[in-house]
Amino acid sequence: MSFDIAAIANADYIDAMYEKYKQDPDLVDERWHIFFAGFDLGMQRDGADLTPDTSDENQAEENVMAFLDAYDTLEEYTRMDANRQQGAMALVNAYRTWGHLVADIAPMSYTRPPYPLLELSEYGFTEEDLDQIVGNGGFLGPTDGTLRDLVAKLRQTYCGSVAVEYTDIPYKSQHEWLEQHMEPILNSPKFSAEQCRDLLRLLIEAQEFEQFLHVKYIGRKRFSIEGGEALIPMLHALIETGAALNVEEMVMGMAHRGRLNVLTHIMQKPYPEIFSEFEGVELGEGSGDVKYHMGFAHEYVTRDGHTVHLGLTPNPSHLELVNPVIEGIVCTKQETKGDVQHEHIVPLIIHGDAAFAGQGIVPETICLSHLDGYDNGGTIHIVVNNQIGFTALPRESRFTAYPTDVAKIVKMPIFHVNADDPEAVVHAARMAMAYRQAVKNDVIIDLWCYRRYGHNESDDPAFTQPLQSAEIAGHPTVVDLYSRRLIEQNIATEDDVDAMKQAVREKLEAAFVDAKNQKTKPREPTFGGAWKGFGKAGADRTAKTAVHREKLIDIAQKATTVPEGFNAYRKLMRQLDYRMQMVHGKVGIDWGCAEMLAFGSLFVDGFPGRGAGQDSPRGTFSHRQAVWHDVKNGSIYSPLNHLSDGQGGFRVYNTMLSELAVLGFEFGVSYANPNKLTIWEAQFGDFANGAQMIIDQFISSSEAKWQKMSGLVMLLPHGFEGQGPEHSSARLERFQALCAEDNMQVGCPTLPAQYFHLLRRQMLRAFRKPLVLMMPKSLLRHKESISTLEDLSRGAFYPVLDDPAQPDPGGVKRVVFCTGKVFFDLKEGRDKKGEERLALVRIEEHYPFPWDEVGAILEKYGDADIFWGQEEPQNMGSWDFMEPKLRRLLDNKKPVRYLGRKPTAATATGIQSVHLAEQQEIVEMALDFS
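Numbering (our numbering), first residue to last: 427 to 1356.
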């Protein structure tokens, strides 16, 4: 009888089963063994005799028939086996997708109910099928082919101490990368005995440090990491792995939880220096800050001899506020150092669970991550998930399964890991770093831990979480758990563990004695790296800001030339032609032209530039036009990048509709590169208060608190033109209230030349201070708010502008000091009336306050009455800032009177007729000498 296998079943299917059988017979159902045993016998041939052996063929046929006795047809078996394999594939995909929901990632009692979509019945299986051969279902780990073993291996891989969310990533290649790094080792890599002991030592150092502080400084705030000590070996693993994958620098940000431990055991800040901060350091310049906000830098040398520069950026108690600052620092360092592949400099941010889920700057910053001008190749995020925020439990802070769910706006892997399993923690860290380097995308490690004490060490958590506090008090530390594990594995002994602890305690005691015996002085700011050549601001604040006339004309010519083949918008062509008329003296130079010349002159001299803001490439009021768009093909052209060979590059970005994260990012840019002209522009100055935290905690105070400087320029359109309470005021009074200790510069220029010289001065001095400018709106095209080329080529910035009408001082009866647009309203009213008894003086720089210049003006008009005039309401604007200064210069011998709107709750009216009436009243009050 002839036996044709192809007539019985699909040959390709049987071939596939046969390949599994040859690899390992246990990978297929045992009933296939009968079939393939006969098949092998029939295929055996003597190498010297190729004559078919019919007896072997007959034996194969008998085996096949025996196999079929269990089924009506081979097709029936094939169908049943295929169904099982399809079920196995669906089961594998289910565990990859939902296994994290039942994973063992919580250190203490945390009930995770079964998840229905992981039930066997969902995939056509019952308990009776557990010992059936189903194959591996596409799972890459080792299995014996049975359903029972497959489920066990899937649970070990996806439901153990490491769980992962990744199947929402829309890229198959990333799925495959992650599966290849997890499944073959079942998410449980083998550690050598030496690695285990090193891991234990790191945990002991972290724990002993916290316990030492707890005893020596009872009740003092330190924001302990106890319960999450595994953070320290996690960071070591990230650095070690990164160094092997070409990472040369890591820029780190974190809030105060565990910061002292990171400073000592990652950044290697000396113990005596930490202890002395508890004792009290001598105060240097500025206010200083609490010890758990401070930054530090360290050259970390790995076990393999690689050096990684670590920088921990200072952070305020606004927990997540440093996030965009870190991203800006990294992006700028990558650009400066030519790290175009984003592989040498990596951002790492450590978060708290409640803050990560609750603070809006987190999703704002994540939304920046892949935008043009903001992408730095991905951030490694660590969430120290101690499952509490001050006294709020997770159910009070969020309604999602994880605090990390807010980050799913970017498709990235999220590793959830049990902090009581330090080997799993290290494994997750290694994978996270390897993924970031391979894929150049963000990645999150969610470190599930607990908080052994209260929010701070003077806080008793038992008031609000009595049950949780009692459970934590009885829970063994990670050092106890891991020590026991190593002792059971004969990797360490109890004596080994005791010796490690004793060595750390002796080191701590010695450092404590040193700190007691000497006061540690605060660290002075260092001006190395990108800051080499800079220093603190001194008495000499001058800079030669004038530019030769010929150079300005050449810049203007190149910046207004449309390249051949580029189809420019017709209105833009008229604007460019008009700018050349300005440069040649046919009409006055306006603000857009003066800015173009200031930018161009700096770029030609080698300074790079970066601008950012909503509408910034064009300018909110179409005055800038730094990026041109071809009307036929949509291509773009940036004329300020085509001025000269070797010039500094210029990039200006339209930003997402965020002020907080974007301004934080730009601050980070200025922090990292003082030689770059870095500008953030509000669409209207009113919207700057959306970034008030960055202004308060970084821009105005970073030098006083942390000795960290910035040359960031903020351009804030400001002026009352009847556009309502959200399009009138940049809240000048708030910036003035922040001014102290020479921390920043605040001004309100009223002429294009003043703006030109301010921009150039910002880059030409040997120190950096933030520059906040109230910028014009209607003045951009005001017929009298213009300058000449000579103002740019021969002039300078003047903090105070005396009355351009040059009235006779003896005849002046009233001097109105003012700032901004209101000067032109007052001047227009005075000129119409022909009033010569009124002098109008503009204060263009508010801080540092120009004492000498204002004093000279007061002396010049010694007999006149003094007024402060403004268009803002009396409880806003500059009145409260200027009045005491003017009165001080007058030695309190005469009053300073107010001229302006009455106090109001909103900044401005939104009714045009009311606005015009109020504005006219200000003018009439200034001209009323009765």
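For glycine and all other residues, C-beta sits at the position ideal for the given N, C-alpha and C.
- Within the same chain, Cβ atoms closer than 6 Å to the Cβ of L738 are found at M678, M693, G721, F722, the five residues on either side in sequence being excluded.
- In the DSSP assignment, Q1346 falls within the alpha helix (DSSP H) that extends over 1338–1353.
- Between the alpha carbons of A1222 and A663 lies a gap of roughly 55 Å.
- Inclusion of M534 and E790 in the CB contact set at 8 Å is not warranted, their separation being larger than that value.
- One Cα belongs to L1206, the other to E1021, and the distance between them is close to 11 Å.
- When P568, L1158, A520 are compared, the shortest CA-CA separation from D594 is found for A520.
- A Cβ-Cβ contact shorter than 8 Å links D779 with N812.
- Between the segment 992–1000 and the segment 1016–1034 there are fewer than three C-beta pairs closer than 8 Å, too few to call the two in contact.
- E1129 is not a Cβ neighbour of N1099, given a cutoff of 8 Å.
- Contact check for R1268 against L1218 fails: the beta carbons are separated by 8 Å or more.
- Distance from L556 to L573 at the Cβ level is roughly 5 Å; contact confirmed, criterion being Cβ atoms closer than 8 Å.
- DSSP places L1315 in the uninterrupted alpha helix (DSSP H) bounded by 1305–1315.
- Apart from the 5 residues on each side of it in sequence, R1077 sits with its Cβ closer than 7 Å to the Cβ of G799, R1036 in its chain, given in chain order.
- Exposed is the label assigned to R1000, since fewer than 16 other Cβ atoms lie within 10 Å of its Cβ.
- Taking each of F565, E1350, Y1181 in turn and checking the Cα distance to E605, the smallest one comes out for F565.
- Assigned with DSSP and collapsed to three states, A1265 falls in strand.
- Under DSSP, S1213 forms a beta bridge with I1015.
- Under DSSP, Q1171 shares a beta bridge with L1197.
- Annotation: the continuous alpha helix (DSSP H) that includes E699 extends over 697–705.
- When C-alpha distances from E636 are compared across T537, K927, T890, S823, the shortest belongs to K927.
- DSSP places G1035 within a strand segment (E or B) once states are collapsed to three.
- Straight through space, the alpha carbons of L546 and W524 are spaced by roughly 14 Å.
- Between P773 and V756, the gap from beta carbon to beta carbon is short of 8 Å.
- Looking at the DSSP output, F841 shares a beta bridge with V590, I871.
- Taking C-beta separations shorter than 8 Å and ignoring five residues to either side along the sequence, the partners of Y1287 in its chain run P1235, V1238, V1241, A1265, following chain order.
- Taking every protein chain shown into account, the CB of I870 has 16 or more other CB atoms within 10 angstroms, so this residue is buried.
- Where L794 is concerned, the enclosing alpha helix (DSSP H) starts and stops at 787–794.
- Three or more beta-carbon pairs separated by less than 8 Å are not found between the segment 612–621 and the segment 805–821, which leaves the two stretches without contact.
- Pairwise C-beta distances place the segment 1176–1190 in contact with the segment 969–976, as three or more of them are shorter than 8 Å.
- Inter-residue distance for L797 and G804 is about 12 Å (C-alpha atoms, whole angstroms).
- Taking a 10 Å sphere around the C-beta of H974, we find fewer than 16 other C-beta atoms and assign the residue as exposed.
- C-alpha of Y1097 to C-alpha of S1084: approximately 20 Å in a straight line.
- In this structure, E1270 and Q1180 form a Cβ contact; the two beta carbons are roughly 6 Å apart against a cut-off of 8 Å.
- Taking each of F1182, I917, V852 in turn and checking the Cα distance to I665, the smallest one comes out for V852.
- Inclusion of G654 and M859 in the CB contact set at 8 Å is not warranted, their separation being larger than that value.
- Put simply, the segment 619–626 does not touch the segment 814–832. Fewer than three CB pairs are less than 8 Å apart.
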